[in-house]
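First up is the structure itself, then whatever we jot down about it.
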DNA sequence: CGCTTATGGATACTGATACTATCCATCACA
DNA sequence: TGTGATGGATAGTATCAGTATCCATAAGCG
């Protein structure tokens with residue numbers, strides 16, 4: 001398969017494929033002559049993955065590259081790979097909340113985690129985001145939402161368990177790693193859109209005409 | 001309060017505040033003389049909201065503007081305002097999946113919605129994202145995740161109900177609208193980070209050294 | 001065999017986004 | 001009275017995610 005066909009199959013413009021090749025997201029095709037390369041099924045799969053991460057999950061190109069490199073390395077431990085996927089989903093934060101608000105929120109979040117017996121590293125990127133979000137909700141006067149944090153955690157824990165079970169069925173480590181990464185990232189998009197649909201439907205008959 | 005103090009209180013640089021004023025995200029302060037304006041509590045609150053949306057929820061500036069305008073208009077019906085918040089969370093999609101994959105995914109999603117009795121407009125932005133995500137997961141060989149779509153929906157429905165209850169306690173319509181919008185958008189960030197923390201903790205003891 | 005089209009590779013350009021920086025004529029306040 | 005902050009306008013910057021252009025070569029067709 002040459003680049004034109006790869007483009008047709010995946011519906012990605014040729015210049016964009018070239019760009020991904022340049023950036024090292026997509027491995028080069030096998031060269032049969034200085035200006036003739038052939039791409040195979042792995043390229044199609046890889047390209048689909050790249051597009052899903054970029055378009056659906058809005059992961060920046062540089063981060064996609066990092067994730068793919070991590071997936072391709074057989075030596076990196078699984079938890080490291082998961083860490084990368086997590087970092088892809090939590091933007092490098094700039095401090096938002098004031099100090100008092102933050103420490104209060106941090107306390108609540110730490111309590112929650114302790115109460116659930118979750119093993120979470122203090123440096124986990126999602127931890128900072130959660131604390132900032134709680135602080136922001138508080139400072140915006142949305143305490144009623146924050147009050148139910150524990151119930152949120154219940155629901156979240158239930159489908160996280162489900163996800164991990166679903167993914168654990170993968171036989172090889174490589175497949176497991178890929179499933180975990182894809183599941184982590186696209187799972188987020190899945191849940192987010194389900195939530196919006198549920199909201200639309202539940203809110204529809206609740207506030208018909210307000 | 002002058003702009004310098006507003007900047008100190010909210011920890012947003014003065015040039016950035018000026019930028020938000022220019023863009024119409026933040027209402028102008030009250031002018032006491034041609035180059036002297038005073039900002040009040042509403043400005044502090046508004047600025048905090050803007051920053052939370054931009055930094056925490058990664059909402060683009062133009063979309064924040066749209067949302068705020070919608071919140072400020074007393075005439076726009078609530079479901080319209082919710083729609084705007086939803087659009088803020090679902091990026092304008094470029095078609096990703098091939099046609100066959102998409103119709104298959106669309107069928108499954110439509111079934112799911114019908115089975116749950118959800119009232120969802122066919123034009124709902126989240127619907128397209130969900131379909132694309134299902135199609136993408138399928139094409140990436142992650143059918144095991146898609147298989148549990150219904151269980152996901154269960155969990156999602158449970159906390160969506162919770163959210164809506166929490167938010168319904170607001171007395172005035174304006175407050176309700178603000179809560180719904182903030183809850184929709186920051187709730188997403190909240191759930192996402194909870195999920196990552198749960199994942200980290202559950203996966204930790206599942207795959208200690210793989 | 002010749003001619004058009006596609007290709008790989010390199011380099012340059014573009015449009016959008018979110019700020020920053022600079023200016024300048026006031027204005028506040030010590 | 002002079003030093004610094006302010007409002008408002010305009011211009012500049014960095015990053016990101018592609019697009020566009022060129023060129024020498026290769027493929028496919030008549």
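Residue numbers (the UniProt record's numbering), protein chains in the order written: chain H, 1 to 210; chain U, 1 to 210.
Ideal placement from N, C-alpha and C gives every residue a C-beta, glycine not left out.
Predicted, not measured: the structure shown is a model, and the values here were computed from it.
Straight-line gap, residue i to residue j (C-alpha atoms, nearest Å)
{"i": "residue 81 of chain H", "j": "residue 137 of chain U", "result": "19 Å"}
{"i": "residue 55 of chain H", "j": "residue 90 of chain U", "result": "11 Å"}
{"i": "residue 173 of chain U", "j": "residue 190 of chain H", "result": "31 Å"}
{"i": "residue 111 of chain U", "j": "residue 104 of chain U", "result": "11 Å"}
{"i": "residue 108 of chain H", "j": "residue 147 of chain H", "result": "10 Å"}
{"i": "residue 181 of chain H", "j": "residue 115 of chain H", "result": "28 Å"}
{"i": "residue 52 of chain H", "j": "residue 133 of chain U", "result": "8 Å"}
{"i": "residue 171 of chain U", "j": "residue 178 of chain U", "result": "12 Å"}
{"i": "residue 216 of chain H", "j": "residue 45 of chain U", "result": "Nothing about residue 216 of chain H can be reported from this structure: the residues present for chain H run from 1 to 210 only."}
{"i": "residue 196 of chain U", "j": "residue 35 of chain H", "result": "45 Å"}
{"i": "residue 79 of chain U", "j": "residue 68 of chain U", "result": "15 Å"}
{"i": "residue 202 of chain H", "j": "residue 118 of chain U", "result": "8 Å"}
{"i": "residue 193 of chain H", "j": "residue 42 of chain U", "result": "32 Å"}
{"i": "residue 12 of chain H", "j": "residue 152 of chain U", "result": "31 Å"}
{"i": "residue 16 of chain H", "j": "residue 198 of chain H", "result": "36 Å"}
{"i": "residue 70 of chain H", "j": "residue 40 of chain U", "result": "49 Å"}
{"i": "residue 149 of chain H", "j": "residue 9 of chain U", "result": "28 Å"}
{"i": "residue 76 of chain H", "j": "residue 83 of chain H", "result": "11 Å"}
{"i": "residue 47 of chain H", "j": "residue 165 of chain H", "result": "27 Å"}
{"i": "residue 200 of chain H", "j": "residue 62 of chain H", "result": "34 Å"}
{"i": "residue 207 of chain U", "j": "residue 74 of chain H", "result": "15 Å"}
{"i": "residue 143 of chain U", "j": "residue 204 of chain H", "result": "31 Å"}
{"i": "residue 72 of chain H", "j": "residue 97 of chain H", "result": "38 Å"}
{"i": "residue 125 of chain U", "j": "residue 99 of chain U", "result": "18 Å"}
{"i": "residue 123 of chain H", "j": "residue 18 of chain U", "result": "34 Å"}
DSSP beta-bridge partners of residue i
{"i": "residue 31 of chain H", "result": "H:37"}
Neighbourhood of residue i by C-beta distance below 7 Å, restricted to the same chain and skipping five residues each side
{"i": "residue 106 of chain U", "result": "131"}
{"i": "residue 163 of chain U", "result": "183 and 187"}
{"i": "residue 20 of chain H", "result": "26 and 50"}
{"i": "residue 38 of chain U", "result": "1, 2, 29, 30 and 32"}
{"i": "residue 65 of chain U", "result": "23, 24 and 25"}
{"i": "residue 185 of chain H", "result": "53, 57, 59, 85, 88 and 89"}
{"i": "residue 120 of chain H", "result": "113 and 127"}
{"i": "residue 145 of chain U", "result": "137"}
{"i": "residue 129 of chain U", "result": "90 and 93"}
Other residues of its chain near residue i: CB distance less than 8 Å, five sequence neighbours each side excluded
{"i": "residue 14 of chain H", "result": "3, 4 and 7"}
{"i": "residue 167 of chain U", "result": "176, 179, 180 and 183"}
{"i": "residue 101 of chain H", "result": "135, 138 and 139"}
{"i": "residue 169 of chain H", "result": "none"}
Proximity test, residue i beta-carbon vs the ligand HEM heavy atom, cut-off 7 Å
{"i": "residue 48 of chain U", "result": "The ligand HEM is absent from the structure shown, which contains no ligands of any kind."}
*Contiguous alpha helix (DSSP H) assignments of at least 4 residues, all confined to the region 104-175 of chain H*: 125-139, 143-147 and 149-168
*Entirely enclosed beta strand (DSSP E) segments - the region 1-84 of chain U, minimum 3 residues*: 30-33 and 36-38
*Should the region 145-164 of chain H be called in touch with the region 155-163 of chain U, which here means at least 3 C-beta pairs below 8 Å?*
yes
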